[in-house]
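Enquirer: Below is a structure I'd like to ask you about.
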Amino acid sequence: MESNSLVLSVVSILNMVVLGVLIYIFGRMYAKTRAQLPLGMIVVAGMLFLHNVIAAFAYFSMDQIFSYDIFPYMLGVGIAELAGLLIFLKITLD
0 MESNSLVLSV VSILNMVVLG VLIYIFGRMY AKTRAQLPLG MIVVAGMLFL HNVIAAFAYF
60 SMDQIFSYDI FPYMLGVGIA ELAGLLIFLK ITLD
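Note that numbering that gives the first Met the number 0 gives residue 17 to position 18 of the sequence shown, counting from 1, and the numbers run on in steps of one.
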């Protein structure tokens with residue numbers, strides 16, 4: 000595997016870990032309160048999780064046709080998503 004694809008895959012996997020934690024927290028919150036907001040957050044986090052699963056799989060499987068010129072932009076998007084998710088996790092835990 001090319002190192003660029005590996006870096007992008009690692010960022011996607013880190014995003015999936017954070018999203019998994021958020022889904023777990025919102026699931027516990029929904030079980031306690033039966034409020035609609037945590038249920039909506041589970042759906043949103045689930046869609047983002049699915050996006051990252053597909054992205055990580057694509058980076059692994061399509062390494063040969065991957066355009067290396069777009070790598071910095073894709074990495075920037077992945078890191079920005081990770082930063083946003085970490086901030087969201089911190090706010091959720093407070």
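For each residue, glycine too, the CB sits at the ideal point set by N, CA and C.
Note that the structure is predicted; figures quoted are calculated from it, not measured.
Hey, quick one: how far does the alpha helix (DSSP H) through A34 stretch, first residue to last?
Expert: Looking at the DSSP string, A34 is not in any alpha helix (DSSP H), and its letter there is neither H nor E.
Enquirer: Identify, in the order they occur along the chain, each residue of the same chain with its Cβ nearer than 6 Å to the Cβ of L18, setting aside the five sequence neighbours on each side.
Expert: A44, L47 and F48
Enquirer: Along the alpha helix (DSSP H) that carries F87, what are the first and last residues, could you check?
Expert: Unbroken alpha helix (DSSP H) run through F87: F70 to L92.
Enquirer: Would you tell me roughly how many angstroms separate the C-alpha atoms of N51 and P71, rounded to the nearest one?
Expert: 17 Å
Enquirer: For I69, count the other beta carbons within 10 Å of its own beta carbon; 16 or more makes it buried, fewer makes it exposed. Which is it?
Expert: With fewer than 16 other CB atoms across the displayed protein chains lying within 10 angstroms of its CB, I69 is exposed.
Enquirer: Quick check: G77 and S11, are their CB atoms within less than 8 Å of each other?
Expert: yes
Enquirer: By a C-beta neighbour count over all protein chains shown, 10 Å radius and 16 as the cutoff for buried, is F56 buried or exposed?
Expert: exposed
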